[in-house]
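Chemist: Take the sequence shown: its letters are residues 1 to 289, numbered as in UniProt numbering.
First the structure, then my questions, so here it is.
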Amino acid sequence: MDENLKELIINNSDSIVDNWMNEVGRIKAGNYTASISDELYENTNREFVNVIFTSIQNQGSSKVVEEFSEKIINLGWPLSYITDGLQIFRRVTIDFLLAQADQVDSNHFSNVLTSVDEWIEPLIRQLVNEYSGSWENILSLQRVALQELSAPLIPVMERITVMPLIGTIDTDRAKLIMENLLEGTIKHNSEVVLIDITGVPVVDTMVAHHIIQAAEAVRLIGSTCILVGIRPEIAQTIVNIGIDLSKFPTRSTLEKGFTKALEITEREVVDLHVKNQGIEDIMHSLKGE
């Protein structure tokens, strides 16, 4: 960048900042930042412009750029906030430099454009790269956290566990379901595992195939898998695509599936009131004798 132009920009930073703030303020009402409070918007804009001037003074400062990119992501603002702001700053800066010249010829005009571009374009790339890298990292962490929660195996009683499935099942998630199912069955010493598909919106051939594979894997390690949450439309789909569920008990609701699990583990639900009433009748009968 031309050192004379650089000095001129830095010495007149207040004027350039004011012009930039006015221009950026005009686009607030009609874009993604319309719902943001004026105070937060103005404070963030001032921080943004400070990042820009810090970059030109220090010929690029990766730390402030990285910190600002992370802040924008945490605020939930899109990448276009950064690109729009930098393009507006480029235009305001060029207009200011041209206005300071006594005479604007083609050489001066070209020098101004080239100098500003040499400064702004690397900053655009740096901010976009930092934003994209931070965003991808956050998405990766969220994806891992979501996967850990997307196929939990929950012990509800000794030797009985439940895996509630919610949402779409793709190949990657099916693999995770299989792994969690097998590891959890062994870990909890489960004799019966209930797979609840009540929250799965669509059961097509692929989804049904993955569920059958998971149930078969549980059967091979010596446990029984009960498929629950079979809605009428899912039952019809399973019949139409020719999926064989004869090896696995199925129930329409988790409640009915749990009753079946108790039966398999040689237990049952007993009404304590009825049981106590029966004991009282026996006691009365003994006293009568």
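In this text, a Cβ means the ideal position worked out from N, Cα and C, and glycines have one as well.
Suppose the cutoff is 7 Å on Cβ atoms and the five residues either side in sequence are ignored; what does the same chain contact list for valine 156 look like?
Modeler: Val162
Chemist: What number of angstroms, rounded off, separates the C-alpha of arginine 90 from the C-alpha of isoleucine 138?
Modeler: 30 Å
Chemist: How close, in whole Å, do the beta carbons of valine 192 and isoleucine 264 come, if the pair is a contact with beta carbons under 8 Å?
Modeler: 5 Å
Chemist: Whole alpha helix (DSSP H) runs in the segment 202–230 with 4 or more residues, listed along the chain?
Modeler: With a minimum length of 4 residues, the continuous alpha helix (DSSP H) runs that stay inside the segment 202–230 are 205–220.
Chemist: Between the Cα of tryptophan 77 and the Cα atoms of Thr54, Tyr41, Ala101 and Asn107, which residue gives the shortest distance?
Modeler: Looking at Thr54, Tyr41, Ala101 and Asn107, the one whose alpha-carbon comes closest to that of tryptophan 77 is Tyr41.
Chemist: Is the separation between the beta-carbon of alanine 215 and that of isoleucine 230 shorter than 8 Å?
Modeler: no
Chemist: Would you say serine 115 and leucine 8 are within 8 Å of each other, going by their C-beta atoms?
Modeler: no
Chemist: Kindly indicate which residue of Thr237, Ala174 and Gly242 has the alpha-carbon position closest to the one of histidine 210.
Modeler: Ala174
Chemist: CA-CA distance, lysine 71 and glutamate 47?
Modeler: Their backbone Cα atoms lie some 10 Å apart in a straight line.
Chemist: In the DSSP output, which residue or residues are listed as bridge partners for glycine 199?
Modeler: Ile166
Chemist: Would DSSP call leucine 153 helix, strand or coil?
Modeler: coil
Chemist: Using a 10 Å radius around the Cβ and a threshold of 16 neighbouring Cβ atoms, would you call glutamate 130 buried or exposed?
Modeler: buried
Chemist: Would you identify the three-state DSSP class for threonine 237, choosing helix, strand or coil?
Modeler: helix
Chemist: Out of Leu262, Glu255, Val218 and Thr259, state which residue places its alpha-carbon closest to the alpha-carbon of lysine 247.
Modeler: Val218
Chemist: In angstroms with no decimal places, state the Cα-to-Cα distance between proline 122 and valine 92.
Modeler: If you take the alpha carbons of proline 122 and valine 92, they lie about 18 Å apart.
Chemist: Give me the Cα-Cα distance between glutamate 136 and glutamate 66, rounded to the nearest whole angstrom.
Modeler: Their Cα atoms are separated by approximately 14 Å.
Chemist: Which residue marks the beginning of the alpha helix (DSSP H) containing residue 291, and which one marks its end?
Modeler: There is simply no residue 291 to check, as the chain begins at 1 and stops at 289 in what is shown.
Chemist: Taking leucine 220 as the reference, which of Val228, Ser252, Phe258 and Met178 has the closest Cα?
Modeler: Met178
Chemist: If we ignore side chains and look at the alpha-carbon of each, how far apart do glutamate 255 and valine 24 end up?
Modeler: 58 Å
Chemist: Would you give the residue range spanned by the alpha helix (DSSP H) that residue 334 belongs to?
Modeler: Given a span of 1 to 289 for the chain in the structure shown, any question on residue 334 remains unanswerable.
Chemist: Measuring alpha carbon to alpha carbon, tell me which of Phe53, Ser190, Thr44 and Leu181 ends up nearest serine 15.
Modeler: Phe53
Chemist: What do you reckon, are the CB atoms on alanine 261 and isoleucine 160 nearer than 8 Å?
Modeler: yes
Chemist: Within this structure, are the beta carbons of leucine 176 and alanine 208 separated by less than 8 Å?
Modeler: no
Chemist: Using the C-alpha atoms, what's the distance from isoleucine 238 back to valine 203?
Modeler: 8 Å
Chemist: Using a threshold of 8 Å, state whether the C-beta atoms of valine 228 and threonine 253 are closer than that.
Modeler: Contact: yes.
Chemist: Helix, strand or coil, according to DSSP, for leucine 245 in the structure here?
Modeler: coil
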